[in-house]
Amino acid sequence: MKKSIRAFAPATVANVSCGFDILGFAIDELGDQVEVSLRETPGLEVIQIAGDGGKLPYESEKNTCTVAIQAMLQKLDYKGGMEISLYKGLPLGSGMGSSAASAAAALVAANALLGYPFDKKSLVNFAIEAERIACGAAHADNVAPSLLGGFVLIRDYHPLDVIKLPVPKGLCCTLLHPHLELNTADSRAVLRKQISLKDATIQSGNIAGLISGLYQADFGLISRSLKDVIAEPTRALLIPGFYELRDAIQSIGALGSGISGSGPTIFVLSPSRKIAEEVEKVGQTVYQKVGLDVDIYISEINDKGAYVI
Numbered sequence: 001m002k003k004s005i006r007a008f009a010p011a012t013v014a015n016v017s018c019g020f021d022i023l024g025f026a027i028d029e030l031g032d033q034v035e036v037s038l039r040e041t042p043g044l045e046v047i048q049i050a051g052d053g054g055k056l057p058y059e060s061e062k063n064t065c066t067v068a069i070q071a072m073l074q075k076l077d078y079k080g081g082m083e084i085s086l087y088k089g090l091p092l093g094s095g096m097g098s099s100a101a102s103a104a105a106a107l108v109a110a111n112a113l114l115g116y117p118f119d120k121k122s123l124v125n126f127a128i129e130a131e132r133i134a135c136g137a138a139h140a141d142n143v144a145p146s147l148l149g150g151f152v153l154i155r156d157y158h159p160l161d162v163i164k165l166p167v168p169k170g171l172c173c174t175l176l177h178p179h180l181e182l183n184t185a186d187s188r189a190v191l192r193k194q195i196s197l198k199d200a201t202i203q204s205g206n207i208a209g210l211i212s213g214l215y216q217a218d219f220g221l222i223s224r225s226l227k228d229v230i231a232e233p234t235r236a237l238l239i240p241g242f243y244e245l246r247d248a249i250q251s252i253g254a255l256g257s258g259i260s261g262s263g264p265t266i267f268v269l270s271p272s273r274k275i276a277e278e279v280e281k282v283g284q285t286v287y288q289k290v291g292l293d294v295d296i297y298i299s300e301i302n303d304k305g306a307y308v309i
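In structure tokens form, the structure reads like this:
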């Protein structure tokens, strides 16, 4: 048995417009790394955090890596100890699943270190506990795609029912991360507590249409379904440039846009990498006018998910 293992987990886009808390997909290359080592002393200890600007907690009850691993160890009734080093590759409060990537990488490393007692789908249950600590809600639309890769549907939480969806060939994502931090808890606080029957019906139709579009590789149906009438109307007000970008991409063949997770990152889906690159150019122009610096990433959908390095 190895004494130390490092794992990588990718960034994710959660909600995917209409799929609030139930849909997400994984991004290539961007992500976090976590190294987990066995030690003789019982308990979990975070010994290093890099790339966070000193903002993340070292306390085991507050750090998403240790919270996730602890949930797994309790299930195993494991009494040994581990040391954790976290290497952040994702900005905090970005809407790209930063806390989820840390938890997913930590679980994959710890699971490998113990000889793979769980498959990756089972690890989602433990990663959810880390999300509860990070943002106050035990949702899986970031952690599930980060662990499993691809497009993922969370059909239910009680018990957890996670379904991996097909990804049409050519589907590509452009992520635009304006330089501002938007706390997930604050972004959830602006959501309406009640929605109308009309909005619920529209949202249900769009979710069904988006999933059908993925199965049928129907880009037109995917485009028509990328509409959120529940979370986006209030959250978009917190994100400068959101509506300007949405309007600007309509004429270049992009399928649609939305808020990645709770924001402020915006995702745009395109039927090809060529169009995704056009979205990048349009996005740069939009944010120059808005007066904000922006980081832009282009990625196919990552079907691999988290893995041991």
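Quick note on the UniProt record's numbering: the sequence shown kicks off at 1 and runs consecutively.
Glycine included, each C-beta is placed from N, C-alpha and C at the ideal position.
This structure is a prediction, so every number in the text was calculated from the model and none was measured.
For residue 25, the uninterrupted beta strand (DSSP E) run begins and ends at 23-39, by DSSP. Beta-bridge partners of residue 176 (DSSP): 266, 296. Cβ neighbours of residue 217 within its own chain (closer than 6 Å, five residues either side excluded): 168.
When rounded, the separation of the alpha-carbon atoms in residue 294 and residue 248 is 16 Å. Around residue 89, the same chain offers 31, 32 as residues with beta carbons nearer than 6 Å, after the five sequence neighbours per side are excluded. Per DSSP, the unbroken beta strand (DSSP E) holding residue 4 starts and ends at 4-14.
In this structure residue 82 is in contact with residue 38, their Cβ atoms being roughly 6 Å apart against a cut-off of 8 Å. The secondary-structure analysis by DSSP pairs residue 153 across a beta bridge with 23, 163. Apart from the 5 residues on each side of it in sequence, residue 3 sits with its Cβ closer than 7 Å to the Cβ of 37, 38 in its chain, given in chain order. When rounded, the separation of the alpha-carbon atoms in residue 253 and residue 59 is 47 Å. Minimum Cα-Cα distance from residue 111 among the listed residues 188, 20, 147 corresponds to 147. When only Cα atoms are considered, residue 212 and residue 47 end up about 46 Å apart. The region 122-138 and the region 64-71 touch, with no fewer than 3 CB-CB distances between them shorter than 8 Å. Under the three-state reduction of DSSP, residue 59 is assigned to coil, being neither helix nor strand.
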